[in-house]
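Below is one structure; the comments refer to it alone.
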Amino acid sequence: MATEQPIVLVTGGSGLVGQAIRTIIEQESNAKYQFIFVSTKDGDLSNPDEARQIFEKYRPNYVIHLAAMVGGLFRNLKYNLEFLRTNLAINDNVLSLAKEFRVRKCVSCLSTCIFPDKTTYPIDETMVHLGPPHHSNFGYSYAKRMIDVLNHAYSDHFKNNSNDYGGSDKLPIFTSIIPTNVFGPYDNFNLEDSHVIPGLIYKAYNAIQDAKLKNSNTAKLLVFGSGRPRRQFIYSLDLARLILWTMENYNEIEPIILSVDENDEISIGEAAQMVADTFQRSYPDIRMEIQYDTNYSDGQFKKTASNAKLRQYLPEFHFTPMSDGIRDTVRWFITNYDVARK
Numbered sequence: 001m002a003t004e005q006p007i008v009l010v011t012g013g014s015g016l017v018g019q020a021i022r023t024i025i026e027q028e029s030n031a032k033y034q035f036i037f038v039s040t041k042d043g044d045l046s047n048p049d050e051a052r053q054i055f056e057k058y059r060p061n062y063v064i065h066l067a068a069m070v071g072g073l074f075r076n077l078k079y080n081l082e083f084l085r086t087n088l089a090i091n092d093n094v095l096s097l098a099k100e101f102r103v104r105k106c107v108s109c110l111s112t113c114i115f116p117d118k119t120t121y122p123i124d125e126t127m128v129h130l131g132p133p134h135h136s137n138f139g140y141s142y143a144k145r146m147i148d149v150l151n152h153a154y155s156d157h158f159k160n161n162s163n164d165y166g167g168s169d170k171l172p173i174f175t176s177i178i179p180t181n182v183f184g185p186y187d188n189f190n191l192e193d194s195h196v197i198p199g200l201i202y203k204a205y206n207a208i209q210d211a212k213l214k215n216s217n218t219a220k221l222l223v224f225g226s227g228r229p230r231r232q233f234i235y236s237l238d239l240a241r242l243i244l245w246t247m248e249n250y251n252e253i254e255p256i257i258l259s260v261d262e263n264d265e266i267s268i269g270e271a272a273q274m275v276a277d278t279f280q281r282s283y284p285d286i287r288m289e290i291q292y293d294t295n296y297s298d299g300q301f302k303k304t305a306s307n308a309k310l311r312q313y314l315p316e317f318h319f320t321p322m323s324d325g326i327r328d329t330v331r332w333f334i335t336n337y338d339v340a341r342k
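For the sequence shown, UniProt numbering begins at 1 and goes up steadily by one.
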């Protein structure tokens with residue numbers, strides 16, 4: 001007799017990482033779980049009633065919590081209060097309902113921006129609460145930090161009420177992942193709200209179109225800031241595979257950093273050059289020049305993260321090379337320009 005498939009509820013399911021998870025499960029034809037992807041079209045998770053309706057409708061066994069109010073550096077600077085209040089509400093509703101509906105495991109997505117601004121490098125999972133985050137996005141950062149606090153509070157609650165769950169070996173697990181800068185197909189390419197890679201891709205695309213209209217053989221890619229800050233970037237499909245592994249195999253309450261290795265960290269300028277080189281290959285008759293506008297803030301200079309904990313679990317995991325990920329993302333954006341978020 002066939003057993004019923006466990007239901008995995010993916011919040012933020014229409015976003016970059018949600019779409020990547022959808023792509024991976026379709027590629028691998030994994031029939032072990034039934035995945036339900038929900039987005040703002042299904043309900044506002046910051047609204048308790050609408051969040052409850054989603055949980056009552058699907059009654060999940062697992063939750064991958066990706067939903068958040070997000071934006072790039074300049075949107076964070078402008079809307080810190082909104083980022084704080086909205087994300088606190090979303091996270092409290094989702095985790096509270098996950099407890100109420102007896103979800104077996106809830107995996108929430110954090111961000112490296114939660115780490116202290118003034119710290120030593122590389123940062124690791126033990127350093128989340130050791131000082132205030134960078135002032136530019138403190139609202140989003142503190143809201144995300146509170147997920148870790150909630151995870152520990154729920155863990156204590158489960159342990160103190162273990163008889164209600166059939167014993168200490170059957171307790172729900174609420175945990176979290178901390179990815180570094182994610183990019184890939186289905187990203188948000190909006191020039192005001194996007195993160196660095198999709199923003200560079202859209203600006204490069206516009207520069208090429210402008211050069212073609214002017215019948216010019218030169219396109220100028222404008223980079224906000226000096227280009228010197230350094231980041232670790234992870235391709236969305238790699239992150240999706242790691243999130244699915246976390247759901248099935250990672251049973252610690254403490255968060256785990258999902259990141260490329262430390263020596264894969266690159267500067268924003270180097271990332272811009274990879275984007276320019278990719279467009280150069282697609283439009284060989286137009287030369288792409290990179291210009292830097294230092295009137296814009298650089299934000300946090302570096303956030304070098306250690307993936308030593310991940311490597312203890314998955315020492316052989318192969319990350320997609322940055323240049324390959326950018327190539328595939330640019331191709332996706334050009335092919336899907338009319339429907340891409342921008």
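Glycine is no exception: its CB is placed at the ideal position from the N, C-alpha and C atoms.
Out of T119, I147, L130, the CA that lies nearest to the CA of S111 is found in I147. Here A305 is not near F35, since their CB atoms are 9 Å or more apart.
Rounded to the nearest angstrom, the Cβ distance from L88 to A143 is 5 Å, consistent with a contact under 8 Å. Short of 6 Å from the beta carbon of P229, and not among the five residues preceding or following it, lie these beta carbons of its own chain, in chain order: I268, D298, F301. Following the DSSP letters along the chain, one finds N61 in no beta strand (DSSP E), marked with neither H nor E. With respect to the 9 Å criterion, K342 and F158 are not classified as neighbours on the basis of their beta carbons. The C-beta distance from G15 to V38 rounds to 11 Å, too long to fall under 8 Å, and the pair is not in contact. Around the C-beta of G18, 16 or more other C-beta atoms lie within 10 Å, and the residue is accordingly described as buried. Listed in chain order, the non-local C-beta contacts of L9 below 6 Å within the same chain comprise I36, Y58, P60, V63, local neighbours out to five positions each way being set aside. Annotated as distal: I201 and C106, with beta-carbon spacing of 9 Å or more.
If you compare the alpha carbons of F279, I290, Q312, V70 with that of F333, the shortest gap goes to F279. Under DSSP, C109 forms a beta bridge with I177. Distances from the CA of D328 to each of V275, I256, A240 were compared; the closest alpha carbon is that of V275. Taking a cut-off of 8 Å on C-beta distances, the region 235–247 does not touch the region 199–216, as fewer than three cross pairs fall below it. The DSSP-derived three-state label of Y235 is strand. When beta bridges are read from the DSSP output, I266 appears opposite R231. Ranked by Cα distance from R287, the first of D261, P179, Y205, S46 is Y205. With contacts defined as CB atoms closer than 9 Å, N163 and N80 fail to qualify as a contacting pair.
If you compare the alpha carbons of Y313, T320, V182, D264 with that of E252, the shortest gap goes to Y313.
Between H134 and S141, the gap from beta carbon to beta carbon is short of 9 Å. Sequence-distant partners of V260 (beyond 5 residues in either direction) whose C-beta falls short of 6 Å from its own C-beta, in its chain, are Q232, I234, F319. Selection K203, E100, K303 evaluated against P179 yields K303 as nearest (Cα-Cα). For the options T86, D156, N217, the alpha carbon positioned closest to that of K99 is the one of D156.
Between I257 and E82, the beta carbon gap of about 27 Å keeps them out of contact (Cβ cut-off 8 Å).
With contacts defined by Cβ atoms closer than 9 Å, N91 and S108 form a contacting pair. Judged by DSSP secondary structure, Q5 falls outside any beta strand (DSSP E); it is assigned neither H nor E. DSSP, read as helix, strand or coil, puts D210 in helix. Straight-line spacing of the CA atoms in Q5 and R22 works out to 17 Å.
For I21, the enclosing alpha helix (DSSP H) stretches over residues 16–28. In the same chain as L310, and ignoring 5 residues on each side of it, the C-beta atoms closer than 8 Å to its own belong to L242, I256, I257, L258, S259, F317, in chain order.
According to the DSSP assignment, R327 belongs to no beta strand (DSSP E) but to the alpha helix (DSSP H) extending over 322–335.
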